[in-house]
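>
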DNA sequence: ATATATTTTTAAGTATGCTTAAATTTACAC
DNA sequence: GTGTAAATTTAAGCATACTTAAAAATATAT
């Protein structure tokens with residue numbers, strides 16, 4: 004059984020290489036996990052010996068099949084807990100991440116399956132991220148478009164908000180921007196890429212950076 | 004913040020000296036926590052330095068005010084999780100202990116208060132053990148009587164089942180003996196102290212050992 | 001009271017997961 | 001292609017939480 008540190012390492016590699024499709028280098032992981040580069044190299048050796056990652060010195064790491072399986076298991080726990088905490092205990096968007104980050108390491112397969120069943124086997128978490136099923140299979144993602152590339156005048160559904168920043172999540176909640184909400188792109192400011200969007204008939208301004216973390220689905 | 008090991012140590016001392024009213028000696032704690040005597044002595048020094056226990060070499064340990072506060076906090080988490088898992092996720096009596104044992108170390112004050120509110124501030128867990136409130140205060144226990152001292156022919160309510168053995172809990176569930184259930188003491192066998200009790204109009208035999216872990220309240 | 005048995009502590013050693021500092025490798029600018 | 005900067009790894013060290021084995025203190029039996 005991997006320790007908490009190992010689980011977090013595998014999750015970080017997954018998120019970096021499989022989700023963000025960028026190289027899981029020592030310095031990237033070091034920043035993500037908030038430990039020194041030396042600690043990353045150290046752990047890389049251990050996980051490589053355990054057969055959970057492929058590691059070539061100076062070349063970054065990749066998950067093996069086994070490592071990917073564990074990473075997906077932790078991600079499954081995290082995302083199910085997030086949804087559970089919001090749906091059952093009424094936590095807010097900004098409150099669930101940190102709690103799930105702790106619970107994900109103390110949850111047996113048995114218990115997470117109970118939670119999964121209780122929630123009726125959901126496919127997406129409160130950020131719109133896909134929840135791996137019991138076998139580690141991810142549901143197919145709908146075709147999404149980053150808000151920063153959306154067309155002026157068009158209407159969309161919010162399908163994914165890819166950010167761990169609590170202040171941002173609170174702000175979005177505050178203006179009523181939530182998952183599955185219908186919004187309209189009112190205007191795009193040419194000088195800095197900011198967007199004006201309409202949520203519940205009220206206009207709001209979002210920076211390009213914020214917009215780049217919100218993903219939309221075209222209305223059919 | 005105490006580590007998981009420290010939290011477990013404080014919890015074990017609490018259970019031994021405050022609940023079971025027996026001395027928290029090195030060997031008792033060593034057995035309870037399943038580590039060597041040396042590890043217990045080692046940890047005693049650390050917790051003593053941290054002001055969480057009073058420790059006199061060769062004389063066992065006692066919780067300080069601060070140590071007791073932390074122990075009660077962990078016990079609160081454990082008992083609330085047990086109740087939550089049974090009530091919300093439908094786990095059985097025998098399944099909740101091990102899960103709660105893990106979750107209790109990964110639950111923030113914020114989250115446990117949400118769970119407490121969701122359950123409407125319960126006073127007793129599924130074993131009938133008292134749940135410390137937010138301030139660490141325990142509810143007053145009703146006057147209870149060990150089943151092994153109950154009177155033949157009298158009827159009682161089951162108010163507490165003080166055992167962590169899963170097989171026993173499963174057996175009790177199976178014969179319908181659950182918390183708040185009304186039972187009747189049918190007979191007591193003189194040669195080994197076994198009891199015959201009536202649950203749901205069916206007679207069952209319980210050993211004296213089992214009976215000594217079940218606590219009853221007299222019918223008014 | 002003294003010998004012996006039991007309990008507890010100390011000492012030495014190990015694995016994990018970090019740290020900082022030094023050494024090494026790789027990247028890139030010119 | 002060579003020098004320098006950046007990234008990475010190695011080395012040494014530390015705290016935690018264990019282990020086993022030896023030493024010390026306490027308890028018990030006669």
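Chains as they are written, first to last, in this note's numbering: chain A, 4 to 223; chain B, 4 to 223.
Each residue gets a CB set at the ideal place from its N, CA and C atoms; glycine is no exception.
Quick caveat: nothing in here was measured; it's all calculated off a predicted structure.
Which residue comes first and which comes last in the beta strand (DSSP E) that contains residue 198 of chain B?
Counting along the chain, the beta strand (DSSP E) containing residue 198 of chain B begins and ends at 198-202.
> Could you work out which residue in A:203, A:194, A:185 is closest to residue 218 of chain A when comparing CA atoms only?
When only C-alpha atoms are compared, the closest one is A:185.
> Taking residue 222 of chain B as the query, report the chain A residues whose CB atoms sit under 8 Å from its CB, ordered along the chain.
Those do not exist, as residue 222 of chain B stays about 36 Å from chain A at its closest Cβ, beyond 8 Å.
> Can you give me the Cβ contacts of residue 106 of chain B inside the same chain, cut-off strictly under 6 Å, excluding the 5 residues immediately before and after it?
Closer than 6 Å at Cβ, skipping near neighbours: 84.
> So which of A:53, A:48, A:69 has the shortest CA-CA distance to residue 59 of chain A?
The shortest C-alpha separation from residue 59 of chain A is found at A:48.
> Ignore the nearest five residues each way along the sequence and tell me which others in residue 87 of chain A's own chain have a CB closer than 8 Å to its CB.
Contacts found: 118, 121, 122.
> Can you tell me which residues form a DSSP beta bridge with residue 221 of chain B?
Paired residue(s): B:159.
> Taking contact to mean 3 or more Cβ pairs, one atom from each stretch, closer than 8 Å, check whether the region 68-79 of chain B and the region 133-153 of chain B are in contact.
The region 68-79 of chain B, when compared against the region 133-153 of chain B, does touch it at the 8 Å Cβ threshold.
> When you check each C-beta in the region 100-119 of chain A against every C-beta of chain B, which residues fall closer than 7 Å?
Answer in chain order: 102, 105, 106, 108, 109, 111, 114, 117, 118.
> Does the beta-carbon distance from residue 151 of chain A to residue 214 of chain A come in below 7 Å?
Yes, Cβ-Cβ distance for residue 151 of chain A and residue 214 of chain A is below 7 Å.
> Under three-state DSSP, which class holds residue 103 of chain B?
Residue state, collapsed to three classes: helix.
> How is residue 38 of chain A classed by DSSP in three states: helix, strand or coil?
Correct three-state label for residue 38 of chain A: coil.
> Using the Cα positions of residue 82 of chain A and residue 128 of chain A, report the straight-line distance between them to the nearest angstrom.
Each residue's Cα considered, the two are about 5 Å apart.
> Go ahead and label residue 177 of chain A buried or exposed: buried means 16 or more other beta carbons lie within 10 angstroms of its beta carbon, across all protein chains shown.
Residue 177 of chain A is exposed by the Cβ-count criterion.
> So, for residue 12 of chain A: in the same chain, excluding its five sequence neighbours on each side, which residues have a beta-carbon less than 6 Å away from its beta-carbon?
Answer for residue 12 of chain A: 46, listed in chain order.
> For residue 19 of chain B, is the classification buried or exposed, using 16 other Cβ atoms within 10 angstroms of its Cβ as the cut-off for buried?
Answer is buried; the Cβ neighbour count reaches 16.
> Just checking: is the beta-carbon of residue 122 of chain B within a distance shorter than 7 Å of some beta-carbon in chain A?
No, no contact with chain A.
> Kindly indicate if chain B contains any beta-carbon less than 7 Å away from that of residue 92 of chain A.
Yes, because at least one Cβ of chain B sits closer than 7 Å to the Cβ of residue 92 of chain A.
> Near residue 54 of chain A, which residues of its chain fall below 7 Å by C-beta distance, leaving aside the five closest residues on each side in sequence?
Once the five neighbours on either side are set aside, the close Cβ partners of residue 54 of chain A are 67, 69.
> Let's see if you can read the secondary structure: which residues bound the alpha helix (DSSP H) around residue 69 of chain A?
Per DSSP, residue 69 of chain A belongs to the alpha helix (DSSP H) from 68-90.
> When you compare each of B:25, B:21, B:63 to residue 40 of chain B by their alpha carbons, which one comes out closest?
Cα-wise, what sits closest to residue 40 of chain B is B:63.
> Is the distance from the Cβ of residue 201 of chain B to the Cβ of residue 187 of chain B below 7 Å?
In contact: residue 201 of chain B and residue 187 of chain B (Cβ atoms closer than 7 Å).
> If you count every other CB in all the chains shown that lies within 10 Å of the CB of residue 109 of chain A, and 16 or more means buried, which is it?
Classification for residue 109 of chain A: buried.
> What does the alpha-carbon distance come out to for the pair residue 102 of chain A and residue 115 of chain B?
So the alpha carbons of these two residues sit roughly 11 Å apart.
> Are residue 97 of chain A and residue 172 of chain A touching if we call contact CB-CB under 7 Å?
In contact: residue 97 of chain A and residue 172 of chain A (Cβ atoms closer than 7 Å).
> Helix, strand or coil for residue 300 of chain A per DSSP?
No answer is possible for residue 300 of chain A: the residues shown for chain A start at 4 and end at 223.
> Look up residue 30 of chain A in the DSSP assignment and give the residues it is bridged to.
Paired residue(s): none; residue 30 of chain A is not in a bridge.
> Among residues of its own chain, excluding the 5 on either side of residue 210 of chain A, which ones have a beta-carbon nearer than 7 Å to its beta-carbon?
Cβ neighbours of residue 210 of chain A beyond the five flanking positions: 197.
> If you draw a straight line from the C-alpha of residue 32 of chain A to the C-alpha of residue 93 of chain B, how long is it?
Rounded to the nearest angstrom, the two C-alpha atoms are 39 Å apart.
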